[in-house]
Structures are given as C-alpha cells and as structure tokens.
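Note sheet for the following structure.
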Amino acid sequence: MSDLLQVTDLEVEFRQSGEGIVSAVRGVSFRIRPGETVALVGESGSGKSVVAQSIMGILPRNGRIAGGEIRLNDPVTGTIVISKLDRDDRRMRALRGNRMAMVFQEPMTSLSPVHRIGDQIGEAYRLRHRASRTEVQERTEETLRLVGFPNPRQALRSYPFELSGGLRQRAVIAMGLICRPSLLIADEPTTALDVTIQAQILKLLFDLQQQFGMAILMITHDLGVVANLAREVLVMYQGRIVESGPRDDLFANPCHPYLKALLHAVPRFREDNRQRLVPIREIASEGGQLLSRAITPWPADGDRAGPLLSVAGVSKSYHGQRGGWFAGPASAGMPAVDDISFTIRRGECLGLVGESGCGKTTLAKILMRAITPDQGRVLFNNRGHQIDVLGLDGHALMQWRQRQQIIFQDPFGSLDPRMTVFDIIVEPLVIHRVGSAEERQALVEDLMALVGLERQHVHRHPHSFSGGQRQRIGIARALALRPDLVLCDEPVSALDVSIQAQILNLLKDLQSRLGLTYLFISHNLAVVDYLADRVMVMCQGRIVEIAPRKSLFCNPVHPYTQTLLLAVPNPDPRFPLDFTQLGPCRTSDPGAWPAPFTIPPAADPASRPRLIDLGNDHWVRATKELTSCARA
Numbered sequence: 001m002s003d004l005l006q007v008t009d010l011e012v013e014f015r016q017s018g019e020g021i022v023s024a025v026r027g028v029s030f031r032i033r034p035g036e037t038v039a040l041v042g043e044s045g046s047g048k049s050v051v052a053q054s055i056m057g058i059l060p061r062n063g064r065i066a067g068g069e070i071r072l073n074d075p076v077t078g079t080i081v082i083s084k085l086d087r088d089d090r091r092m093r094a095l096r097g098n099r100m101a102m103v104f105q106e107p108m109t110s111l112s113p114v115h116r117i118g119d120q121i122g123e124a125y126r127l128r129h130r131a132s133r134t135e136v137q138e139r140t141e142e143t144l145r146l147v148g149f150p151n152p153r154q155a156l157r158s159y160p161f162e163l164s165g166g167l168r169q170r171a172v173i174a175m176g177l178i179c180r181p182s183l184l185i186a187d188e189p190t191t192a193l194d195v196t197i198q199a200q201i202l203k204l205l206f207d208l209q210q211q212f213g214m215a216i217l218m219i220t221h222d223l224g225v226v227a228n229l230a231r232e233v234l235v236m237y238q239g240r241i242v243e244s245g246p247r248d249d250l251f252a253n254p255c256h257p258y259l260k261a262l263l264h265a266v267p268r269f270r271e272d273n274r275q276r277l278v279p280i281r282e283i284a285s286e287g288g289q290l291l292s293r294a295i296t297p298w299p300a301d302g303d304r305a306g307p308l309l310s311v312a313g314v315s316k317s318y319h320g321q322r323g324g325w326f327a328g329p330a331s332a333g334m335p336a337v338d339d340i341s342f343t344i345r346r347g348e349c350l351g352l353v354g355e356s357g358c359g360k361t362t363l364a365k366i367l368m369r370a371i372t373p374d375q376g377r378v379l380f381n382n383r384g385h386q387i388d389v390l391g392l393d394g395h396a397l398m399q400w401r402q403r404q405q406i407i408f409q410d411p412f413g414s415l416d417p418r419m420t421v422f423d424i425i426v427e428p429l430v431i432h433r434v435g436s437a438e439e440r441q442a443l444v445e446d447l448m449a450l451v452g453l454e455r456q457h458v459h460r461h462p463h464s465f466s467g468g469q470r471q472r473i474g475i476a477r478a479l480a481l482r483p484d485l486v487l488c489d490e491p492v493s494a495l496d497v498s499i500q501a502q503i504l505n506l507l508k509d510l511q512s513r514l515g516l517t518y519l520f521i522s523h524n525l526a527v528v529d530y531l532a533d534r535v536m537v538m539c540q541g542r543i544v545e546i547a548p549r550k551s552l553f554c555n556p557v558h559p560y561t562q563t564l565l566l567a568v569p570n571p572d573p574r575f576p577l578d579f580t581q582l583g584p585c586r587t588s589d590p591g592a593w594p595a596p597f598t599i600p601p602a603a604d605p606a607s608r609p610r611l612i613d614l615g616n617d618h619w620v621r622a623t624k625e626l627t628s629c630a631r632a
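According to my numbering, the sequence shown holds residues 1 to 632 in order.
Pasting the structure below:
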C-alpha cells in the first residue's frame, strides 16, 4: 500500500526576538498510509503541533521549514511536495481544507462567535467547489447529520454559544469533513471534554474513518485515547521522535525511558490508591515549616460538633431574562443544583464527578459564598463550633473565608498577568491583615519551596512559568491563609499527563503534611480514584450516588455511574472501549433512566427519588421501591 503522507527528516525553526533561532522540530520522519490512524504523543512543547502546522502550511510567520520534506500522495491531486510550497500558494490553499483538514483543540477558538454554524461549515465547501447556496446548505446539513447533530437543520441557524461543548467539537469536525479530505489532523480533539462526550467523539472519528476511508493523524497526550484509536504510535520528546511502532508493541514493551515514564505517570483504576504516581520529573517540596507552625491545632474534642462541612437540601435555580418591555414574563427557573445533601469529614478527600453543566462549579460557588442558594443549609465545623455559613455577613464572613480556599481550573486565567508571583501569593495575607511585612515575606518564600518552586523566582510574572508551575502558584496562594478545607475545581484537567502526576502527588503530600481536607471536583474518574476517599456522582444538578472510592468503582449501582465508568478510556490496548455501548444515548436524561432511578420532569416532589442507604456508607438516588436486584 502506497503512503498517503511522507515526512522525511523534517526540521522546523523559529526566530525569537532576543533568543535568536530556536529549533522546534529536529529530524522528524514518519509516514501515514491511506485509512490509517497514527498517534503523535508527547508533552506540551515537544513539537507535536508544530509538525501539524508544517503539514497544513500554517506555521506562524516567524517559523519556517529549515530542512526535510513533506510529501502528500493524494489520489485526487497526485503527488505534491508540501514543504516546497509557500503558505499562500494557490496549490497550498487548494489542498488546505479540501484534501487535508485539521480539527483544533479548543472549539470556541476555531468558531467565529458572530457567524452561524451553517455559514461557517459551508464556507469551505462553497469556496472550493463554487456551489450554489442550496447545494452548500444541503451538503452542510448532510455533514452535520453525519457527525451526530440531533437536529441538523436547526443547527444551521445556531451560533456557537448556543451549543454544548460536545456539539461545538462536532461542528469543528464537520467543518473539517465537509470536503471529504484524505487526511484529517486532530490536534487534542478531546482534551477539554467530559469522559462521556470524549467517548462519543472517539466513536464518531472511528465511524467516519470507516465510512470515508480517510487517514487520521491524532495529536494527543492522552494515552487512553491512543490505546483506543491508533494503530501506529509516534512518541515525541524535545522536537524528536524517540520511539515509534505498532500501538500494541509500544504499550506491551516500551523501550525508551521517556515512553516508560509517560506510561507510569498515567493514573489508572487500582485496588490500592496509596501507590504514588511516577512523574517524569519529581517536585522537590522542601518548605512548609512556617506554614505548619502557623496552623492552629485542632482541639481534642473538635470533631464532636460534627463533620467539617455539612450540606443539606441546597438548591439553586436560574431564571431566563425578559426580552424587553413588551415581552412576556421571564422563563421558569432552571435548576442548577437540586436538593444537594452531603458531608465532608475532616482530613478526607471527597471526589465530585460529573459532566460539564451538571452543577459542580455552581455547588463550589455556593460553598464559597460566591452565590446564594434558593434554599438549604451549609454548616462548617470551626474547631468545635458550628457555623451557619449562609447566615454569615460582614466581619464574621471575612473571618470564615480564611478557613476555606479554592484552587481554580485554569492555571493562567486565575492569575493576574500584571502581578508578580510574590504579589499573587501575598495578596490573601494582605487582605486579611495576617502578619507583618517581614512575616509575610518569609511565609511566601516558605510556600514557594513547599510547592517546589525556587524562592528567587518570586518576582517573576506568571507568563514566565509553565502550566504546571502556574498551577503550583495557585496552590500556594490557596494555602497562604492555612485553610482547613480546599476546594479543587478541575485543577489538573488542563495539564499534560506527566505534569498532572506532579500536581496530584503534591496535593496528596500536602494533605498529609498539613492535615488538609479536599473537595476534589473533576470529570476524570481515574484522577478521582487516585486521590479521593469517597466519591460523589452528580448529574443534572442532583447527587445520584455517593460511596467509598473502592465500592463505587467496583460496584456502581446507578445507571449514570455505570455509563461514566464504561466511557473511561483505559491506557491499555487489551481493554478497549466498547463503542457499541457508547453511541448516541440518553444517559444524562433522568427521565430515560430505568426504574427505580427514573426522575420524570413533572414528578410529584413527594414521589421523586431520594438518596437511599445501601449500607457501608453507599448511597444511591432511587425510589423507595429499590429492589434487592438493583442493589446487587
């Protein structure tokens, strides 16, 4: 079989002001056959996306192909040496989007917010085929149907902000497929998606490849995705291919130390979560002495006042706005969280999992007093004294905020780019008037060492640090006030697998050294399995199951929990995803769940399912008619 794409000794360099010439890709060679899936694996900064940009002819203006050759052997256009074409060459423009297409990582940056989905997808076909408006609309609607839009005709008139994350990604895939290319380059297409949506996108790519016979170059750092979709694997490190070969061989017998390290850094479901992850580079955590001495000891009888945090019957709904002076009344309230009740014990890590939009972050904001719920109670055990969190105001609220802090999802967006690291970490201490200037200086340096950062770097700005280092700055800021409870809102979802392992190990070490309690919010179940003691599953604003970690992952009872576990890609080719069970489904629709878990939209509140104790601290939302069969 002849090769569709041949990359031979590719060299790419960038001219950086003040740094001269930077070599990003060095001597990369590989090939892709028609209809084949090849995965390009490596950390951020390894050169994966630069290779893709070189193939597509979209390198930044300061970048150039310094050596080597990229050859496309397409049955329609014949053989073309892409590396010799200018980015604005007529032949290059004819290839781009037509015979070769690319799906980018973040769909909202790939889609124009001011143009309708139908116009954006159809534009590529209209420009290259000079088709009529009717032909373009028919082709666009057909492509939207192929990628799984439930109502393609309605989607034509929709704007990106009206679509969910999964549908936006499908729209970007439709944009790449409308001209039926021979090669599709998918650059981290599932990184920002929930586990169930990710599984649906992987199935979609697999089905489309079978239907059109196109080749796929999958760029990713997720080894679970690689194990389920690729046949050939290229491992990239610092601009070079360090190992390549058939997927099964590389997973069964990795040879290069970098690939071995990547495989060891991946969190997996395991019986014993006390076994540490093995990151490629360990964090040298040396500080913490000042912070440990500053923490007020917990009274011997402090736990008699109850769990550290108790949440009972919390609900929050949002109402649609009126369309103007003469519009009708505002729409009925849409529940963001509905009758949430749980406890967090001192010293434990409670995991909270669920899809985007299920209410996880809304719940965290309620616990932080960033928004006020419609009803419910939140009680906090402040060293033996119960505090009604929702009733606090003024000075009492200010004092309580020291006891609870949050680590945000985006390690860059949560840090002010105009502030130095010192200013970022010291800010909570200044606001709450903790210590003198000298004591704050010493504590900031102690926190820097605690999270594995150099003390002398405190006067740098956030842009000078990598994503993992920025997340460690966020952790240091959250710990500055010596909180008892830390809310971790997707703190590793934006990080590479090796950096993720560093942060997870750090969080575990800090919990042990400082006696911290975590509410760990994530959609990555393997990460939650590694860190959590108990796990809480959330869907459509409701808690549907709570159980100890081992019990939940070994014996899930609720159908939604079972679906979440089925959708987790295992970084082992011997245990692939069962795509037959992951097609278009209604697992997130409470009205479609089987009895006794069904929640009809207009059900009488008295007869709606509630959390039922199955024993051994295992709870599931169901009606009181939950049978022994369902319990098993």
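All C-beta atoms in this analysis are idealised placements derived from N, C-alpha and C, irrespective of residue type, glycine included.
Source: prediction; values computed, not measured.
Anticipated Cβ contact below 8 Å, residue i with residue j, distance rounded
{"i": "threonine 37", "j": "glutamine 209", "result": "7 Å"}
{"i": "leucine 263", "j": "leucine 223", "result": "7 Å"}
{"i": "proline 548", "j": "aspartate 446", "result": "Not confirmed; about 35 Å, so no contact."}
{"i": "arginine 31", "j": "aspartate 3", "result": "4 Å"}
{"i": "valine 225", "j": "threonine 190", "result": "6 Å"}
{"i": "leucine 577", "j": "alanine 131", "result": "Not a contact, Cβ separation roughly 37 Å."}
Residues near residue i by beta carbon distance below 7 Å, same chain, minus five either side
{"i": "aspartate 613", "result": "Trp619"}
{"i": "isoleucine 216", "result": "Thr37, Leu184, Ala186, Leu205, Gln209"}
{"i": "lysine 508", "result": "Leu531"}
{"i": "proline 646", "result": "With the chain represented from 1 up to 632, any question about residue 646 goes unanswered, as that position is not in the structure."}
{"i": "arginine 15", "result": "Ile21, Asn62"}
Cβ pair residue i, residue j closer than 7 Å
{"i": "methionine 214", "j": "leucine 184", "result": "yes"}
{"i": "threonine 343", "j": "proline 299", "result": "no"}
{"i": "valine 444", "j": "isoleucine 473", "result": "no"}
{"i": "valine 528", "j": "valine 535", "result": "yes"}
{"i": "serine 310", "j": "leucine 397", "result": "no"}
{"i": "serine 341", "j": "alanine 364", "result": "no"}
{"i": "arginine 87", "j": "arginine 240", "result": "no"}
{"i": "valine 314", "j": "glycine 413", "result": "no"}
{"i": "methionine 538", "j": "cysteine 358", "result": "yes"}
{"i": "threonine 140", "j": "leucine 177", "result": "no"}
{"i": "arginine 116", "j": "arginine 157", "result": "yes"}
{"i": "leucine 504", "j": "leucine 277", "result": "yes"}
Span of the beta strand (DSSP E), counted from its first residue to its last, around residue i
{"i": "threonine 517", "result": "517-522"}
{"i": "alanine 622", "result": "618-622"}
{"i": "leucine 250", "result": "First-last for leucine 250: 247-252, but that is the alpha helix (DSSP H), not the beta strand (DSSP E)."}
{"i": "methionine 218", "result": "215-220"}
{"i": "glycine 658", "result": "Since the first and last residues shown for the chain are 1 and 632, residue 658 lies out of range."}
Contacting residues, own chain, Cβ-Cβ under 6 Å from residue i (five flanking each side not counted)
{"i": "proline 107", "result": "Arg168, Gln169, Val172"}
{"i": "leucine 611", "result": "Trp619, Arg621"}
{"i": "valine 235", "result": "Val41, Val242, Glu243, Leu259"}
{"i": "aspartate 248", "result": "Pro573"}
{"i": "proline 279", "result": "Ala265, Ser498, Ala501, Gln502"}
{"i": "glutamate 438", "result": "none"}
{"i": "isoleucine 58", "result": "none"}
{"i": "threonine 623", "result": "Pro596, Pro609"}
{"i": "glutamine 6", "result": "Arg31, Arg71"}
{"i": "glycine 324", "result": "The predicted model places glycine 324 with a pLDDT of 48, which falls under 50 and marks its position as unreliable; any figure quoted below should be read in that light. For glycine 324, where only same-chain residues beyond five positions count, there are no Cβ hits under 6 Å."}
{"i": "glutamate 13", "result": "Ile21, Ser23, Ala66"}
{"i": "phenylalanine 579", "result": "Lys203"}
{"i": "aspartate 338", "result": "Ser315, Gly541, Arg542"}
{"i": "isoleucine 82", "result": "Ile70, Leu72"}
Own chain residues within Cβ distance below 8 Å of residue i, not counting five before or after
{"i": "threonine 296", "result": "Arg383, Arg482"}
{"i": "serine 17", "result": "none"}
{"i": "arginine 440", "result": "Val426, Leu429, Val430, Val434"}
{"i": "proline 417", "result": "His461, Pro462, His463"}
{"i": "threonine 109", "result": "none"}
{"i": "alanine 327", "result": "For alanine 327, the pLDDT reaches just 48, beneath the cut-off of 50, and the residue's location in the model is therefore unreliable, leaving the point undetermined."}
Start and end residues, alpha helix (DSSP H) containing residue i
{"i": "valine 25", "result": "Where valine 25 is concerned, there is no enclosing alpha helix (DSSP H), although the beta strand (DSSP E) it sits in stretches over 20-32."}
{"i": "proline 297", "result": "No alpha helix (DSSP H) holds proline 297; DSSP gives it neither H nor E."}
{"i": "leucine 223", "result": "223-229"}
{"i": "glycine 78", "result": "It is not in any alpha helix (DSSP H) - glycine 78 instead sits in the beta strand (DSSP E) that spans 78-81."}
{"i": "cysteine 554", "result": "549-554"}
{"i": "glycine 474", "result": "467-479"}
Short CB-CB distance (under 7 Å) between residue i and chain C
{"i": "alanine 442", "result": "The structure shown has no chain C; it contains just one protein chain."}
*Do the stretch 427-439 and the stretch 384-396 make contact, defined as three or more Cβ pairs closer than 8 Å?*
no
*Does the stretch 482-495 come close enough to the stretch 504-520 to have 3 or more Cβ pairs within less than 8 Å?*
yes
*Please determine if the stretch 489-500 and the stretch 451-460 are in contact, where contact requires at least 3 C-beta pairs separated by less than 8 Å.*
no
*Do the stretch 76-88 and the stretch 159-166 make contact, defined as three or more Cβ pairs closer than 8 Å?*
no
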